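Chains as they are written, first to last, in my numbering: chain A, 184 to 448; chain B, 184 to 448.
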């Protein structure tokens, strides 16, 4: 079976022209089949603020109201995605920018209301707005494109099949895409972020844990070594492994070839 | 040879939710192979204004500076394009949003400085900024996608192959795409706009000229019956016919099946 790398990079790296340029060069040099999934992050918040749209947050989570959905559609689907595509084309990579709506690649449904306990201890039903939970990724169509030498560049947007775009977490898109490709490829999923991997000591970037099993993950969570946003990232990772992804790598954005990061198999 | 319809619609229709919805329904009901090319127009100007970016105009033409290029990339490539794609998917059309950068579909070069005589009679070298003149359309790749049942939805953006997106007139994109498909399909190109066709009397929408030859076009221009933006539209049309497009139709946006408009063959 042929190999494929599904690489997820955060919004921070694509906002800065220098780090974006380095990323695109590194990505263009990866051999074989590949997919780039990008976040958007702060640029959407910044442009929303310039347009006088306030980012609504509940308990640290962003609520995607109709105006914010328009902004993320512009910023993730347009500005970020198309600049990445043009930059990759300039480096000889036959990139194709996709949201989940394009060729119906990722179908999702609007997240149902969720009961959450807020910081003040009260419970509240929260409507996250136009946020999509993934239902189906068309791995076969992606596979056809990849076999034609096309390199998909995926924005964190999906659609519900009823005409609505939905905002979907880029980590989730990357792991769902990786899983959908398992019947067609030998899949490696790489999450790139600002640190060198899963760290034993959050303040020491040299304390990378080179390899984590699921049992170790539970121990690391219970002992408070793995906290915050790393928990869903690792949960996504183990879910991908259970669904047949060969390995997941968590590493720094300047190590998209996976060297030196944390490996989950 | 199989038939294809290349339909160009202006920015006005895609901005209004009701007219957009009607357009998408009409387009979804066209049988056979088809491509939708959309403009963006006023929504970009409006969003630019909200962001505090002024549209620079010289002699009625917009100058695309770097900030405006970012806005059109967001609005045409993101907001408009992806909403059209999601709306078509909801109507059973397997739409794929494309800028010229995606899979290198439309390569262009930045328009060189141009000497223009301004309204006050002086000559000036004008830099139109990030505006792309089309060099090459990959008709073969479009044809491969079309044969797979994919319906391309094209935003008025191209790229120079050096990492730069460029703003390109949607009428030009439609006619260049139509010409590039001539080796693969029997091509009809339809320009939809707010009037019923080429009018003998601009104030009378029932005065449509049903058929225009190239000689008649020159007479109509000389006699001042065809003026303004209709001249480049007809020039584009005859150029397409010379390059093998079977017919060009200029009609109202609610007649994308071509009925009742002006036919150029």
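By construction, the Cβ of each residue, glycine as well, lies at the ideal position given by its N, Cα and C atoms. Since this is a predicted model, take the numbers as computed values, not measurements.
Notebook entry, point to check: Should residue 361(A) be labelled buried (16 or more other beta-carbon atoms within 10 Å of its own) or exposed?
Noted result: In the first chain, the residue the question calls residue 361(A) occupies position 178. Taking all protein chains in view, the Cβ of residue 361(A) is crowded by 16 or more other Cβ atoms within 10 Å, so the residue is classified as buried.
Notebook entry, point to check: Hey, residue 193(B) and residue 247(B) are a contact pair by Cβ (cut 8 Å); roughly how many whole angstroms apart?
Noted result: Along the second chain, one-based indexing puts residue 193(B) at 10. Along the second chain, one-based indexing puts residue 247(B) at 64. The Cβ separation is near 18 Å, so there is no contact.
Margin query: Quick check: the Cα distance between residue 371(A) and residue 415(A), rounded to an integer number of angstroms?
Written below: The sequence position of residue 371(A) within the first chain is 188, counting from 1. The sequence position of residue 415(A) within the first chain is 232, counting from 1. Here the C-alpha atom of residue 371(A) lies approximately 18 Å from the C-alpha atom of residue 415(A).
Next item on the list: Per DSSP, which residues does residue 434(A) bridge with? Please list them.
Entry: Within the first chain, the letter at position 251 stands for residue 434(A). Beta-bridge pairing links residue 434(A) to 375(A).
Notebook entry, point to check: Under a Cβ-count criterion, where at least 16 other Cβ atoms within 10 Å of its own Cβ denotes burial, should residue 284(A) be classed as buried or exposed?
Noted result: Reading the first chain from its first residue, position 101 is the one you call residue 284(A). Result: buried.
Notebook entry, point to check: Could you give the distance in angstroms between the alpha-carbon of residue 347(A) and the alpha-carbon of residue 269(B)?
Noted result: Position 164 of the first chain holds residue 347(A). Position 86 of the second chain holds residue 269(B). The alpha-carbon of residue 347(A) is positioned some 6 Å away from that of residue 269(B).
Item checked: Where the alpha helix (DSSP H) through residue 225(A) begins and ends -> Start at 1 with the first residue of the first chain, and residue 225(A) comes out as number 42. For residue 225(A), the uninterrupted alpha helix (DSSP H) segment begins and ends at 225-233.
Check: Should residue 232(B) be labelled buried (16 or more other beta-carbon atoms within 10 Å of its own) or exposed?
Finding: One-based indexing of the second chain puts residue 232(B) at position 49. Within a 10 Å sphere around the beta-carbon of residue 232(B) sit fewer than 16 other beta-carbons, which makes this residue exposed.
Item checked: CB contact below 9 Å: residue 342(A) versus chain B -> The residue given as residue 342(A) occupies position 159 in the first chain. So yes, residue 342(A) belongs to the interface.
Note to self: Let me make sure I understand the geometry here. Which of 200(B), 236(B), 423(B) has the alpha-carbon closest to that of residue 355(B)?
What the structure shows: Counted from its first residue, the second chain places residue 355(B) at position 172. The shortest C-alpha to C-alpha distance from residue 355(B) to any of 200(B), 236(B), 423(B) is the one to 423(B).
Check: Which first and last residues belong to the alpha helix (DSSP H) in which residue 338(A) is found?
Finding: Here the question's residue 338(A) lines up with position 155 in the first chain. Residue 338(A) -> no alpha helix (DSSP H), and no H or E assigned at all.
Next item on the list: Work out the CA separation of residue 391(A) and residue 435(A) for me, nearest whole Å.
Entry: By 1-based counting over the first chain, the position of residue 435(A) is 252. By 1-based counting over the first chain, the position of residue 391(A) is 208. The straight-line gap separating the alpha-carbon atoms of residue 435(A) and residue 391(A) is approximately 11 Å.
Margin query: Using only the alpha-carbon positions, how far apart do residue 306(B) and residue 298(B) sit?
Written below: As a working note, residue 306(B) is residue 123 in the second chain. As a working note, residue 298(B) is residue 115 in the second chain. So the alpha carbons of these two residues sit roughly 7 Å apart.
Notebook entry, point to check: What does DSSP give as the partner residues of residue 290(B) in its beta bridges?
Noted result: As a position in the second chain, residue 290(B) is number 107, starting the count at 1. Answer by DSSP bridge pairing, in chain order: 319(B), 342(B).
Next item on the list: State yes or no: is the beta carbon of residue 356(B) nearer than 9 Å to at least one beta carbon in chain A?
Entry: Here residue 356(B) is taken as the residue at index 173 of the second chain, counted from 1. No - not a single Cβ of chain A is within 9 Å of the one on residue 356(B).
Notebook entry, point to check: Apart from the five residues on each side of it in sequence, which residues of its chain come closer than 7 Å, Cβ to Cβ, to residue 383(A)?
Noted result: In the first chain, counting from the first residue as 1, residue 383(A) sits at position 200. These residues qualify, in order along the chain: 390, 392, 408.
Margin query: DSSP three-state label for residue 262(B), please.
Written below: On the second chain, residue 262(B) is found 79 positions in, with the first residue counted as 1. Here residue 262(B) sits in helix by DSSP.
Notebook entry, point to check: For the candidate residues 267(B), 342(B), 374(B), whose alpha-carbon lies nearest to that of residue 199(B)?
Noted result: For this step, residue 199(B) is matched to residue 16 along the second chain. Comparing Cα positions, the closest option is 267(B).
Note to self: List, in chain order, every chain B residue whose beta-carbon is nearer than 7 Å to that of residue 347(A).
What the structure shows: Along the first chain, read from residue 1 onward, the residue named residue 347(A) stands at position 164. In chain order: 269.
Check: If you draw a straight line from the alpha carbon of residue 394(A) to that of residue 448(A), how long is it in whole angstroms?
Finding: As a working note, residue 394(A) is residue 211 in the first chain. As a working note, residue 448(A) is residue 265 in the first chain. Cα to Cα, the separation comes out at about 8 Å.
Checklist line | Partners in chain B for residue 286(A), counting only beta-carbon separations shorter than 8 Å | finding: The count along the first chain starts at 1 and reaches residue 286(A) at position 103. The answer, in chain order, is 277, 278, 279, 333.
Margin query: Is the separation between the beta-carbon of residue 357(A) and that of residue 325(A) shorter than 9 Å?
Written below: Within the first chain, the letter at position 174 stands for residue 357(A). Within the first chain, the letter at position 142 stands for residue 325(A). Taking 9 Å as the Cβ cut-off, residue 357(A) and residue 325(A) do not qualify as a contacting pair.
Notebook entry, point to check: Name the chain A residues that come within less than 8 Å of residue 258(B), Cβ to Cβ?
Noted result: Here residue 258(B) refers to the residue found at position 75 when the second chain is read from its first residue. When 8 Å is used as the limit between beta carbons, residue 258(B) is near these residues of chain A: 257, 261, in chain order.
Next item on the list: Starting from residue 385(A), trace the alpha helix (DSSP H) both ways and give me its first and last residue.
Entry: Sequence index remark: in the first chain, residue 385(A) carries index 202 (1-based). Boundaries cannot be given for residue 385(A), as no alpha helix (DSSP H) includes it and DSSP labels it neither H nor E.
Next item on the list: Specify the secondary structure class of residue 353(B) as computed by DSSP and reduced to three states.
Entry: Here residue 353(B) refers to the residue found at position 170 when the second chain is read from its first residue. Residue state, collapsed to three classes: helix.
Check: Can you tell me whether residue 330(B) is buried or exposed, with buried defined as 16 or more other CB within 10 angstroms of its CB?
Finding: Working through the second chain from its first residue, we reach residue 330(B) at position 147. By the 10 Å Cβ count, residue 330(B) comes out exposed.
Margin query: Under 9 Å, Cβ to Cβ, is there at least one residue of chain A near residue 233(B)?
Written below: Here the question's residue 233(B) lines up with position 50 in the second chain. With 9 Å as the cut-off, residue 233(B) counts as an interface residue toward chain A.
Checklist line | residue 349(B) beta carbon less than 9 Å from that of residue 406(B) | finding: Mapped onto the second chain, residue 406(B) falls at position 223. Mapped onto the second chain, residue 349(B) falls at position 166. In this structure, residue 349(B) does not lie closer than 9 Å to residue 406(B) by Cβ.
Notebook entry, point to check: Assuming residue 271(B) and residue 334(B) make a contact with CB atoms under 8 Å, what is their CB distance in whole Å?
Noted result: The sequence position of residue 271(B) within the second chain is 88, counting from 1. The sequence position of residue 334(B) within the second chain is 151, counting from 1. With a Cβ gap of about 7 Å, residue 271(B) and residue 334(B) count as contacting.
Next item on the list: For the segment 194-218 of chain B, enumerate the residues whose C-beta is nearer than 9 Å to any C-beta of chain A, in chain order.
Entry: Answer set for the segment 194-218 of chain B: 204, 207.
Notebook entry, point to check: With DSSP run on the structure shown, which of helix, strand or coil describes residue 450(B)?
Noted result: Examination of residue 450(B) is not possible in this model, given that chain B is present from 184 through 448 alone.
Check: Is there at least one Cβ from chain B nearer than 9 Å to residue 265(A)'s Cβ?
Finding: Working through the first chain from its first residue, we reach residue 265(A) at position 82. For residue 265(A), the closest Cβ of chain B is nearer than 9 Å.
Check: Going straight from the alpha carbon of residue 217(B) to that of residue 206(A), what length do you get?
Finding: Your numbering for residue 217(B) matches position 34 in the second chain. Your numbering for residue 206(A) matches position 23 in the first chain. Straight-line spacing of the CA atoms in residue 217(B) and residue 206(A) works out to 36 Å.
Checklist line | Sequence-distant residues of the same chain with beta carbon closer than 7 Å to residue 256(A), five excluded per side | finding: Numbered from 1 along the first chain, position 73 holds the residue referred to as residue 256(A). Here the set comprises 340, 348.
Notebook entry, point to check: So which residues on chain C does residue 282(A) lean against when the C-beta distance must stay under 7 Å?
Noted result: The structure shown has no chain C; the protein chains it does contain are A and B.
Next item on the list: Can you give me the start and stop residues for the beta strand (DSSP E) that residue 307(A) sits inside?
Entry: Walking along the first chain from the start, residue 307(A) turns up at place 124. That run of the beta strand (DSSP E) goes 306-309.
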